[in-house]
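**Student:**
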């Protein structure tokens, strides 16, 4: 995504050459059928990750909360879609306003002005916008894992709307828009190929902050919360792995060499993460759990997300291994510290994202470093790039944490985010949705 | 020796279990069941009002020596009775059955009677 260049169509529109501008646009850029076909596929693949996440999270909670937990993902899929088309795309990919806090381009409101736009790579802008929209949907859904089994559904809906507008859109603008300040930091920008900072660090940190803010579940950590359906969790993890090819390889916004590089890195990082987690568990706990394997897949995928465009397979394997080791240690530390990040949204996505965004520096392929050196006018070392990466990670952490606390603080004045004790005991399904996940197992 | 069988609301299970553990009654068996009682809860689903025929409940089975019967039943009643405003107890809170227990055997040691409970 870092090399995406958008055709300055809106400049032409602004000068009143609306009709001829569109004509010129169509003459100058032909649709690249191959690239468009892959981007359409990628868009569908990233969408598939959201029901995948719903299954992953849904299997991990208690029976009484399975639907409520899955609804956190599905609600995000609906709400964030509309929000993205309405203002999200404009806030993320418009030009800087308010000192670059976010972007704005009134042509993008409800995607009015991109009906016939074709990007420089030969991909219709609708496809790019829809592809990016999927990221805006899955990110709030990821956060929900941190405060599973104990939040009011109405308050959750308001929370993700506010979070999408105030945290996701600005971060997306900073990192991926051409005039975003992290996009232009250092010689060739902070490297975030497919959303390590924007998606995983922001979701992980916000989840951690929210989990601490609203407190632990009733009975935590004394009461052992057994997953209601690990089979579903494994199917979800599988769907996430498949969908991640769209997430990472699609982020090249083309169908070519960089797509292939990202796809390969994604595959091996996920595998390395999974195998590492399995080995750690066999050595440390004696048994390789299915949930551990699935967690390893996710840790590897999350870590390679920012790196997929710049690392070679060996580097991707290294990232998968490092991510699994550090995420495993992080989860052990969580149990010691006693905060209730229920489904390890921070433990896997937050930590994995931080690991990927920082450690990728040591595995960047030479050609990228040479380009960066040329852009910097002489030399550009990995230590220079490390500084840029650390700065980008720190900015994402601080921004996501501060704004999430503000949203929760204000939200709590209107509607309590945290479910009251009785409702938590009854379960989200019954209280907020009036349904049961596994009705068929009962006589009625 | 008595066998105490309690049918309670699903949602009260945690509460009842925690209360029993606090009262020193830790050996219980729990199973999900469903059945008919006096309870007629109207539910609203997909635009229709209907009364579910078999209502899901939780069954607790506790074998106790005679002197523990009262403390067990009192604890269950206290924790399983739903409170809505000033109303103590609602239709559907459940029932407790007490039956005489002929014998009790611990499989591990083949102990019989009161000491096996």
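Chains as they are written, first to last, in my numbering: chain A, -12 to 431; chain B, 7 to 123. No residue lacks a Cβ here, since even glycine has one placed at the ideal position from N, Cα and C. From a predicted model like this one, the values you see are computed outputs, not experimental measurements.
Would you tell me roughly how many angstroms separate the C-alpha atoms of residue 132(A) and residue 120(B), rounded to the nearest one?
**Tutor:** Your numbering for residue 132(A) matches position 145 in the first chain. Your numbering for residue 120(B) matches position 114 in the second chain. Whole-angstrom Cα-Cα distance: 47 Å.
**Student:** Chain B partners of residue 412(A), CB-CB under 9 Å?
**Tutor:** Here residue 412(A) refers to the residue found at position 425 when the first chain is read from its first residue. The answer, in chain order, is 17, 18, 19, 20, 21.
**Student:** Kindly give me the distance between the Cβ atoms of residue 244(A) and residue 297(A), rounded to whole angstroms, as I take these residues to be in contact under 8 Å.
**Tutor:** Here residue 244(A) refers to the residue found at position 257 when the first chain is read from its first residue. Here residue 297(A) refers to the residue found at position 310 when the first chain is read from its first residue. Not quite, the Cβ-Cβ distance comes to about 13 Å (not below 8 Å), so this is no contact.
**Student:** Using a Cβ distance threshold of 8 Å, determine whether the region 56 to 76 of chain B contacts the region 396 to 408 of chain A, with at least three qualifying pairs required.
**Tutor:** No, the region 56 to 76 of chain B is not in contact with the region 396 to 408 of chain A.
**Student:** Per DSSP, which residues does residue 66(B) bridge with? Please list them.
**Tutor:** Indexing the second chain from 1 puts residue 66(B) at position 60. In DSSP, residue 66(B) forms a bridge with 12(B), 36(B).
**Student:** With distances taken between CB atoms, is the gap from residue 39(B) to residue 15(B) smaller than 7 Å?
**Tutor:** Here the question's residue 39(B) lines up with position 33 in the second chain. Here the question's residue 15(B) lines up with position 9 in the second chain. Result no, Cβ atoms of residue 39(B) and residue 15(B) do not sit closer than 7 Å.
**Student:** Look up residue 218(A) in the DSSP assignment and say whether it is helix, strand or coil.
**Tutor:** Residue 218(A) sits at position 231 when you count from the first residue of the first chain. DSSP places residue 218(A) in helix when its eight states are reduced to three.
**Student:** Three-state secondary structure (DSSP) at residue 171(A)?
**Tutor:** Within the first chain, numbered from 1, the residue matching residue 171(A) stands at position 184. Residue 171(A): coil per DSSP, three-state reduction.
**Student:** Using the Cα positions of residue 10(A) and residue 108(A), report the straight-line distance between them to the nearest angstrom.
**Tutor:** As a working mapping, residue 10(A) is identified with position 23 in the first chain. As a working mapping, residue 108(A) is identified with position 121 in the first chain. At residue 10(A), the pLDDT of 42 sits below 50, so the modelled position is not reliable; the number obtained from the coordinates is stated separately. Straight-line Cα distance between these residues: approximately 17 Å.
**Student:** Near residue 109(B), which residues of its chain fall below 7 Å by C-beta distance, leaving aside the five closest residues on each side in sequence?
**Tutor:** Within the second chain, the letter at position 103 stands for residue 109(B). Contacts found: 118, 119.
**Student:** Please state if the CB of residue 314(A) and the CB of residue 295(A) are separated by a distance shorter than 7 Å.
**Tutor:** Within the first chain, residue 295(A) is the residue found at index 308, counting from 1. Within the first chain, residue 314(A) is the residue found at index 327, counting from 1. Taking 7 Å as the Cβ cut-off, residue 295(A) and residue 314(A) do not qualify as a contacting pair.
**Student:** When you compare each of 62(B), 116(B), 67(B) to residue 45(B) by their alpha carbons, which one comes out closest?
**Tutor:** Along the second chain, read from residue 1 onward, the residue named residue 45(B) stands at position 39. Measuring from the Cα of residue 45(B), the nearest candidate turns out to be 62(B).
**Student:** Short check: CB of residue 64(A) to CB of residue 17(B), under 7 Å?
**Tutor:** Position 77 of the first chain holds residue 64(A). Position 11 of the second chain holds residue 17(B). No, the pair does not count as a contact, with Cβ atoms beyond the cut-off.
**Student:** Return the residue from the list 84(B), 32(B), 59(B), 36(B) that minimises the CA-CA distance to residue 70(B).
**Tutor:** Locating residue 70(B) in the second chain gives position 64, where the first residue counts as 1. Nearest C-alpha to residue 70(B): 32(B).
**Student:** Would you mind giving the Cβ-Cβ distance between residue 130(A) and residue 112(A), rounded to the nearest angstrom? I have them listed as a contact below 8 Å.
**Tutor:** Counted from its first residue, the first chain places residue 130(A) at position 143. Counted from its first residue, the first chain places residue 112(A) at position 125. About 28 Å; that fails the 8 Å criterion.
**Student:** Assign residue 13(A) to buried or exposed, taking buried as 16 or more other Cβ atoms, counted over all protein chains shown, within 10 Å of its Cβ.
**Tutor:** On the first chain, residue 13(A) is found 26 positions in, with the first residue counted as 1. Its pLDDT being 48, under 50, residue 13(A) is placed unreliably by the model, and the measurement read from it follows with that caveat. Residue 13(A) is exposed by the Cβ-count criterion.
**Student:** Return helix, strand or coil for residue 112(B), following the three-state DSSP convention.
**Tutor:** Taking the second chain and counting its residues from 1, the one referred to as residue 112(B) is at position 106. It is a strand residue.
**Student:** Alpha carbon to alpha carbon, how far is residue 253(A) from residue 226(A)?
**Tutor:** Counted from its first residue, the first chain places residue 253(A) at position 266. Counted from its first residue, the first chain places residue 226(A) at position 239. Their backbone Cα atoms lie some 14 Å apart in a straight line.
**Student:** When the distance is taken between beta carbons, is residue 321(A) closer than 7 Å to residue 334(A)?
**Tutor:** If you number the first chain from 1, residue 334(A) lands on position 347. If you number the first chain from 1, residue 321(A) lands on position 334. Yes, the Cβ-Cβ distance between residue 334(A) and residue 321(A) is below 7 Å.
**Student:** Quick check on DSSP: helix, strand or coil for residue 99(A)?
**Tutor:** Counting from one through the first chain, the residue named residue 99(A) turns up at place 112. Correct three-state label for residue 99(A): helix.
**Student:** Give me, in chain order, the residues of the same chain whose beta-carbon lies closer than 6 Å to that of residue 48(A); leave out the 5 immediate sequence neighbours on both sides.
**Tutor:** Numbered from 1 along the first chain, position 61 holds the residue referred to as residue 48(A). Here the set comprises 56, 135, 136.
**Student:** Opposite residue 124(B) in the DSSP bridges: which residues?
**Tutor:** The requested residue 124(B) does not occur in the structure, where chain B is confined to residues 7 to 123.
**Student:** Around the C-beta of residue 336(A), are 16 or more other C-beta atoms found within 10 angstroms, so that it is buried, or is it exposed?
**Tutor:** Position 349 of the first chain, counting from 1, holds the residue named residue 336(A). So residue 336(A) ends up on the buried side.
**Student:** What's the C-alpha gap between residue 60(B) and residue 75(A)?
**Tutor:** By one-based count along the second chain, residue 60(B) stands at place 54. By one-based count along the first chain, residue 75(A) stands at place 88. Straight-line Cα distance between these residues: approximately 47 Å.
**Student:** Apart from the five residues on each side of it in sequence, which residues of its chain come closer than 8 Å, Cβ to Cβ, to residue 428(A)?
**Tutor:** One-based indexing of the first chain puts residue 428(A) at position 441. In this prediction, residue 428(A) scores a pLDDT of 49, lower than 50, which makes its location untrustworthy; the coordinate-derived value is nonetheless stated afterwards. Excluding sequence neighbours, residue 428(A) sits near nothing in its chain.
**Student:** I need the straight-line Cα distance from residue 311(A) to residue 376(A), nearest angstrom please.
**Tutor:** Looking up residue 311(A) in the first chain gives position 324. Looking up residue 376(A) in the first chain gives position 389. Between residue 311(A) and residue 376(A), the C-alpha separation is close to 20 Å.
**Student:** For residue 95(B), name the three-state secondary structure that DSSP assigns.
**Tutor:** Taking the first residue of the second chain as position 1, residue 95(B) is located at position 89. Correct three-state label for residue 95(B): coil.
**Student:** Given that a residue counts as buried once 16 or more other Cβ atoms are within 10 Å of its Cβ, and exposed if not, what is residue 20(A)?
**Tutor:** Numbered from 1 along the first chain, position 33 holds the residue referred to as residue 20(A). Residue 20(A) comes out exposed.
**Student:** Determine whether the beta carbon atoms of residue 166(A) and residue 82(A) lie at a separation below 7 Å.
**Tutor:** Mapped onto the first chain, residue 166(A) falls at position 179. Mapped onto the first chain, residue 82(A) falls at position 95. Yes.
**Student:** Among all the DSSP beta bridges, which residues are the ones paired with residue 101(B)?
**Tutor:** Taking the first residue of the second chain as 1, we reach residue 101(B) at position 95. Bridge partners of residue 101(B): 13(B).
**Student:** To the nearest angstrom, how far is it from the Cα of residue 39(A) to the Cα of residue 187(A)?
**Tutor:** The count along the first chain starts at 1 and reaches residue 39(A) at position 52. The count along the first chain starts at 1 and reaches residue 187(A) at position 200. Looking at the two C-alpha atoms, the distance is approximately 16 Å.
**Student:** With distances taken between CB atoms, is the gap from residue 339(A) to residue 290(A) smaller than 7 Å?
**Tutor:** For the purposes of this step, residue 339(A) is taken as residue 352 along the first chain, with counting starting at 1. For the purposes of this step, residue 290(A) is taken as residue 303 along the first chain, with counting starting at 1. In contact: residue 339(A) and residue 290(A) (Cβ atoms closer than 7 Å).
**Student:** Check residue 424(A) in the structure and name its three-state DSSP category.
**Tutor:** The sequence position of residue 424(A) within the first chain is 437, counting from 1. In this structure, residue 424(A) counts as coil in the three-state DSSP scheme.
**Student:** Classify residue 269(A): buried if its beta carbon has 16 or more other beta carbons within 10 angstroms, exposed otherwise.
**Tutor:** Counting from one through the first chain, the residue named residue 269(A) turns up at place 282. Exposed is the call here.
**Student:** Who pairs with residue 117(B) in a beta bridge, going by DSSP?
**Tutor:** Position 111 of the second chain, counted from the first residue, corresponds to residue 117(B). According to DSSP, which records beta bridges pairwise, residue 117(B) is partnered with 112(B).
**Student:** How close, in whole Å, do the beta carbons of residue 32(A) and residue 230(A) come, if the pair is a contact with beta carbons under 8 Å?
**Tutor:** The residue labelled residue 32(A) in the question sits at position 45 within the first chain. The residue labelled residue 230(A) in the question sits at position 243 within the first chain. Right, the Cβ-Cβ distance comes to about 5 Å (below 8 Å), so this counts as a contact.
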